[in-house]
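First up is the structure itself, then whatever we jot down about it.
Protein chains in written order, with my numbering: chain A, 25 to 377; chain B, 25 to 377; chain C, 25 to 377; chain D, 25 to 377.
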């Protein structure tokens with residue numbers, strides 16, 4: 025845990041009534057640095073006590089949040105730091121309005137992820153991308169800012185590859201087996217998913233993985249992000265799992281690491297969240313499991329608070345070089361937890377002062 | 025259907041009481057050419073009426089089979105043609121004994137699949153490999169013979185690749201999402217599979233796919249099979265699906281086909297079972313589905329009597345060249361149905377006369 | 025099968041584009057007496073070829089239906105006999121309009137089920153209730169008519185009880201474990217149903233079972249149905265099963281049958297569909313399974329074309345008298361198949377001439 | 025929490041390597057009063073470090089337990105207090121040997137549950153039954169003792185009824201929807217449970233519920249337990265849920281409580297664990313959920329540490345009087361957690377001094 029801080033930083037939630045908004049609330053319950061004081065949603069929920077809305081998570085709704093009254097998601101009464109759980113259909117306009125009005129928007133929405141001036145941040149992987157913010161503010165004329173986290177499936181792939189960046193990954197093939205919770209609520213119909221596999225996820229899921237990974241691993245050059253040259257091929261599927269995206273990954277490296285080199289790279293991987301001991305940072309961002317049949321969503325996804333990536337089955341791939349399995353919690357490390365960690369990093373580095 | 029034949033050929037089932045044995049019985053119910061007259065199993069079931077054993081399939085047990093008495097699985101009273109549903113732990117010894125005693129053993133077991141003198145047969149793909157049989161008989165001193173079908177996951181991959189053989193497939197990456205029924209009975213514990221993905225299948229599943237594919241696509245040269253040079257990388261997973269293995273396949277070709285070339289190759293693919301109009305042969309061995317989210321086990325696996333391979337989502341792969349999805353029924357086209365089709369081909373080509 | 029009939033009777037489907045409409049189309053594919061010639065739906069689908077709409081079933085769309093153009097669901101061009109797969113939100117008004125315009129509406133909707141002049145028909149149970157039709161026509165001023173089938177869960181309970189009617193059932197407790205397909209499409213969210221039980225089904229499911237059962241088992245007296253005095257208590261749950269409602273039933277009888285009496289009543293139960301040999305009638309409406317752990321949805325629900333009720337585990341109940349399990353296919357015998365059998369009975373009894 | 029105690033009480037686990045044994049270990053991790061110092065199992069595991077065995081839970085194996093070496097399950101080196109997670113096939117003999125040798129055996133096995141001298145204990149319901157222990161010791165000649173907890177499904181029913189004992193429950197009908205984890209490991213085959221309902225649980229599950237409930241609610245009279253006169257009818261099913269047994273319960277009372285009376289009885293129910301503030305006791309043993317569709321396994325089973333019973337949908341039953349739903353965590357409150365709470369009560373009442 026970081027040093028004692030008094031008082032906590034007030035935060036707001038944009039899109040507080042949806043599934044992702046609830047996951048933000050759960051992730052921030054009892055947070056040592058942040059305190060939810062404002063909930064924004066569409067006009068439909070305006071004026072309602074939060075506890076009178078439907079709560080869909082298995083953890084209890086925090087009492088102090090239940091007492092808050094939902095407001096219309098417009099700038100003004102919100103605190104400076106807001107987390108955005110907005111749907112992509114409205115996030116573009118709303119987040120821009122908040123940034124223009126001086127808010128720091130830490131967003132899970134996809135709208136600004138590929139904007140060249142907006143950090144697409146994984147604190148362990150590319151904390152230096154936060155230095156895009158001043159240029160962003162200047163170019164857009166915003167007194168606030170927008171910082172984004174990647175698509176859920178991208179996070180686990182990009183963290184795995186970041187650990188191996190030293191070996192120059194050149195080509196990556198990834199097949200995802202994604203959980204139902206990744207589709208929001210109501211998401212996929214039970215008739216479509218019970219005892220079934222759907223070999224396609226709409227909304228450009230594969231393109232997001234292919235493009236976001238290159239930006240995240242990219243390097244800052246002259247104030248912009250130069251995408252990493254790695255070529256990524258993604259094939260996404262939906263499987264009847266509640267939480268946890270499993271990814272079968274093959275990688276061709278430019279360099280020629282031994283299996284031991286790769287294994288060491290996984291287990292020794294650390295980043296700035298671990299240096300800062302950020303409140304929700306896992307001690308080890310990547311945990312390698314030795315058992316032949318792991319990681320598995322049901323056994324592993326809730327470990328480490330859902331903030332680590334679990335990797336297993338590292339072995340040679342006759343086609344690409346190496347192959348392995350990665351697993352992550354899609355609604356925590358892949359969404360709300362990712363954004364909260366982004367805000368923790370920004371706080372630790374003085375960007376919220 | 026083929027021409028009228030009278031009378032039907034008597035067949036026996038080795039391993040008749042297990043899950044695969046039951047699938048053979050279901051597949052042969054009402055078959056126009058074959059008639060089950062003999063059931064062999066371990067001594068434990070010897071002397072029991074078949075209808076007094078536990079039947080685990082959702083189709084009804086055929087009445088005429090229920091009346092048969094299970095015999096010990098030793099040669100002697102069995103008809104010349106026997107299907108083997110034996111477990112690998114005993115198949116080696118028993119099948120050899122039957123072949124030596126003059127039986128034609130059409131086997132689903134893995135024991136002899138990679139034997140250089142034993143055809144690993146998919147009738148649409150490598151019917152010429154049946155010409156190994158005389159050399160097999162001579163070398164082993166058998167008056168009978170053994171013919172095998174591939175591992176379930178191999179069948180769907182090999183059929184897909186066979187359709188594209190003209191483009192010289194050089195490297196293949198396949199990730200399988202395999203159904204519970206592929207593990208036999210009791211197979212995977214429900215605690216392990218409910219709402220879960222297991223990223224590993226024991227028993228050398230990945231090696232089987234990698235090696236069997238090369239043999240099946242291989243060419244006959246001087247009386248032996250020269251393996252196809254394609255390099256295959258397989259990653260197998262178990263998912264909570266009852267029937268139907270889904271495979272995410274990427275292929276690099278030596279030649280440079282257009283997407284239309286590949287699509288045409290899939291849809292125009294036909295083989296000797298279609299020429300012979302074998303009783304259980306699908307009209308089209310590969311059916312390409314245009315919908316973006318198909319094939320799916322729940323919607324597609326039972327179509328065409330479970331004997332076709334369903335392919336979809338053909339598109340360029342930035343890493344390998346092309347990628348697509350294939351789906352097949354693992355206990356039909358991937359097991360009992362594969363063996364029955366093998367026997368139909370042998371019958372049509374006069375090898376059972 | 026019944027006697028040869030030429031030509032087939034033209035039929036229309038109201039609500040042809042929804043899940044239930046598709047089930048009607050599947051149930052009528054290749055029907056020996058009926059031929060679909062007209063498809064009605066909301067204005068949204070008007071003018072579209074049926075094959076251009078999304079088909080959600082695992083059986084193939086019949087070719088001849090794919091060629092039909094969807095029309096607006098108003099009387100006029102529809103044939104005299106129409107099946108209604110309409111949602112309850114619109115069925116009341118539309119069905120009434122069709123009946124007034126001279127159509128015979130054989131409906132799966134709930135709107136008119138409890139109307140005292142409308143038969144709530146299970147052909148094996150209360151075929152005499154069809155004699156309500158003339159009074160219905162006179163009272164409502166319709167030249168056509170409406171005949172309904174029960175709620176899916178009611179069918180299996182009412183058929184079980186009808187077989188035992190001679191013992192005067194007085195009190196019934198039923199707990200249902202209902203499949204996802206009973207909720208239509210998209211129905212229940214996968215997030216809500218994966219690995220879960222929902223102990224409540226909205227829309228008055230329990231009240232429907234409690235009330236419809238009394239009407240179905242009721243007797244005709246002076247031109248109206250006198251409800252059966254049996255008291256029914258229903259508790260409905262949703263479980264992660266695709267097709268098949270399982271019902272745990274306890275019954276107290278006024279009379280004091282032995283277990284053998286009850287068992288004989290189940291196995292000897294036959295009705296008018298069996299006398300008429302209606303095309304989709306099961307040979308035995310109730311099939312008793314002796315195995316201790318049957319019936320089960322996965323193993324039994326598709327048997328007998330989904331038209332039989334499977335019963336098992338008959339044994340004394342220390343609280344009520346007897347208890348047993350019943351299982352039926354909710355979208356076939358519980359919906360589209362029920363309506364088609366109703367129309368077959370009406371045809372066989374000359375009501376469609 | 026209870027008063028500070030130093031040092032902790034050493035405890036052993038009989039049957040430490042099975043699924044239930046692992047659940048005991050998880051339940052005792054970090055326990056404020058008890059410390060695992062001894063692990064007993066069959067000779068097969070004797071001498072192995074615990075961490076070298078397969079751990080099947082999603083929570084991590086406690087480090088200090090991993091260091092222990094498994095011993096053969098015979099008295100001698102075990103501490104005085106042992107928890108028994110033994111399978112019924114061996115529990116009878118082994119538990120008796122331990123009790124004879126002076127150990128206090130707090131058992132989850134079924135073998136001694138119905139022994140008239142052995143408490144079948146739920147601390148909130150029948151703590152006075154612990155007074156059977158001296159007579160047990162005398163009659164059996166044991167210096168130790170055996171105390172048992174009920175079958176998992178019985179616990180949730182008996183706790184619900186105990187809260188309503190004042191209204192004199194006379195007849196109870198219960199249908200259970202039980203989770204896969206209740207069958208141990210490997211338990212039910214995935215082929216049998218995926219997308220299915222099995223309307224039967226072997227091993228006398230229904231009889232256990234019917235008989236154990238009467239003993240638990242029974243009263244002590246002249247040194248023995250006089251069974252409660254309530255008549256219970258149980259119907260048990262297995263459903264594809266990982267953890268959490270759902271029970272649909274109907275009750276006829278001798279007295280005539282209002283719905284408000286019953287509701288108040290649920291919400292105000294407390295017992296001796298709450299008075300003693302035992303470490304794992306829930307603040308409220310029964311939690312009534314107002315939402316129409318609760319309790320649900322996925323949303324509720326892990327709340328309150330798995331130690332509360334969740335009740336909902338209380339409403340009149342036209343057949344019996346009242347009906348409602350109860351849900352409990354079968355491996356915690358229904359097994360290991362039940363036994364640990366039993367031991368806590370015994371400790372708080374001085375029976376372990």
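Virtual Cβ for every residue (Gly too), placed ideally from N, Cα, C.
Residues of the segment 215–242 of chain C with Cβ closer than 9 Å to any Cβ of chain B, in chain order:
Within the segment 215–242 of chain C, contact with chain B at the beta-carbon level (separation under 9 Å) is assigned to 218, 219.
Let's test the definition: count the other Cβ atoms within 10 Å of the Cβ of residue 280 (chain B) and tell me whether it reaches 16, buried, or not, exposed.
Exposed: under 16 other Cβ atoms inside 10 Å.
Kindly say whether residue 32 (chain C), judged by its beta-carbon, lies nearer than 7 Å to any beta-carbon of chain A.
Among the CB atoms of chain A, none fall inside 7 Å of the CB of residue 32 (chain C).
In three-state terms, what does DSSP make of residue 156 (chain D)?
Residue state for residue 156 (chain D) is assigned as helix, using DSSP reduced to three classes.
Identify the continuous beta strand (DSSP E) that holds residue 277 (chain A) and give its terminal residues.
Going by DSSP, residue 277 (chain A) is part of the beta strand (DSSP E) stretching over 269–277.
From the DSSP output, read off the bridge partner residues of residue 348 (chain A).
Answer is A:273, bridged to residue 348 (chain A).
What residues are listed by DSSP as bridge partners for residue 77 (chain D)?
Residue pairing by DSSP places residue 77 (chain D) opposite no residue, since no beta bridge is assigned to it.
Can you give me the C-alpha to C-alpha distance between residue 316 (chain A) and residue 366 (chain C), rounded to a whole angstrom?
Computed Cα separation, rounded: 57 Å.
Going along chain C in order, which residues have a C-beta closer than 8 Å to the C-beta of residue 322 (chain B)?
The answer, in chain order, is 82, 266.
Taking the C-alpha atoms as reference points, what is the distance between residue 124 (chain D) and residue 169 (chain D)?
Each residue's Cα considered, the two are about 8 Å apart.
So with Cβ pairs under 7 Å, would you call residue 195 (chain D) a contact of chain C?
Yes, its Cβ sits closer than 7 Å to a Cβ of chain C.
DSSP state of residue 360 (chain B) mapped onto helix, strand, coil:
It is helical.
Near residue 121 (chain A), what residues of its chain come up, given a Cβ to Cβ distance below 8 Å and the 5 sequence neighbours on each side ignored?
Apart from the 5 residues on each side of it in sequence, residue 121 (chain A) sits with its Cβ closer than 8 Å to the Cβ of 98, 99 in its chain, given in chain order.
In chain B, which residues lie less than 7 Å from residue 330 (chain A) when you measure between Cβ atoms?
Simply none; closest approach about 16 Å.
Interface partners of residue 326 (chain A) on chain D, CB under 7 Å
Residues of chain D passing the Cβ test: 82.
Cβ-Cβ distance between residue 61 (chain D) and residue 31 (chain D) below 7 Å
Not in contact: residue 61 (chain D) and residue 31 (chain D) (Cβ atoms no closer than 7 Å).
Put residue 53 (chain A) into one of helix, strand or coil per three-state DSSP.
Looking at residue 53 (chain A) - three-state DSSP - the assignment turns out to be coil, as it is neither helix nor strand.
Does residue 212 (chain D) get closer than 7 Å to chain B when you measure Cβ to Cβ?
With 7 Å as the cut-off, residue 212 (chain D) counts as an interface residue toward chain B.
Judging by CA-CA distance, which residue of D:359, D:257, D:198, D:336 is the nearest neighbour of residue 208 (chain D)?
Nearest of D:359, D:257, D:198, D:336 to residue 208 (chain D), Cα basis: D:359.
Out of curiosity, what's the CA-to-CA distance linking residue 364 (chain B) and residue 182 (chain B)?
Between the C-alpha atoms of residue 364 (chain B) and residue 182 (chain B) there is a straight-line separation of about 18 Å.
Between which two residues does the alpha helix (DSSP H) harbouring residue 90 (chain C) extend?
Going by DSSP, residue 90 (chain C) is part of the alpha helix (DSSP H) stretching over 87–90.
Within the present structure, is the beta-carbon of residue 55 (chain D) separated from the nearest heavy atom of the ligand NAP by less than 6 Å?
This structure lacks the ligand NAP; in fact it carries no ligand of any kind.
Would you kindly work out how many angstroms separate the C-alpha atoms of residue 40 (chain A) and residue 106 (chain A), rounded to a whole number?
The C-alpha of residue 106 (chain A) is placed about 11 Å away from the C-alpha of residue 40 (chain A).
What three-state label does DSSP hand residue 200 (chain C) in the structure shown?
Note: residue 200 (chain C) maps to strand in three-state DSSP.
If you measure between the beta carbons of residue 19 (chain D) and residue 264 (chain C), is that distance less than 7 Å?
Limits of chain D in this structure are 25 at one end and 377 at the other, which puts residue 19 (chain D) out of reach.
With DSSP as the reference, identify every bridge partner of residue 62 (chain A), one or two as the case may be.
Residue 62 (chain A) is bridged by DSSP to A:36.
Interface residues of chain C facing residue 205 (chain A) [CB-CB closer than 7 Å]
The answer, in chain order, is 215.
Any 3 or more C-beta pairs closer than 8 Å across the segment 193–210 of chain D and the segment 284–297 of chain D:
Contact fails: fewer than three Cβ-Cβ distances are below 8 Å.
Classify residue 25 (chain D): buried if its beta carbon has 16 or more other beta carbons within 10 angstroms, exposed otherwise.
Because the pLDDT of residue 25 (chain D) is 42, which lies under 50, any placement of that residue in the model is unreliable, and the number read from its coordinates should be weighed accordingly. Classification of residue 25 (chain D): exposed, given that the 10 Å Cβ count is below 16.
Less than 7 Å separating the beta-carbons of residue 302 (chain A) and residue 336 (chain A)?
Result no, Cβ atoms of residue 302 (chain A) and residue 336 (chain A) do not sit closer than 7 Å.
How far does the alpha helix (DSSP H) with residue 184 (chain B) in it extend, from its first residue to its last?
For residue 184 (chain B), the enclosing alpha helix (DSSP H) begins and ends at 176–187.
CA-to-CA distance, residue 355 (chain D) to residue 47 (chain D), given in whole angstroms:
So the alpha carbons of these two residues sit roughly 7 Å apart.
With a cut-off of 8 Å on the beta carbons, I'd call residue 143 (chain A) and residue 179 (chain A) a contact; round off their distance for me.
Wrong, their Cβ atoms sit about 14 Å apart, outside the cutoff.
Test item: CB-CB of residue 233 (chain B) and residue 149 (chain B) under 7 Å
Contact: no.
How would you label residue 36 (chain D), buried or exposed, when you count the other beta carbons within 10 angstroms and need 16 or more for buried?
That one is buried.
Please classify residue 309 (chain D) as buried or exposed, where buried requires at least 16 other C-beta atoms within 10 Å of its C-beta.
Residue 309 (chain D) should be labelled buried.
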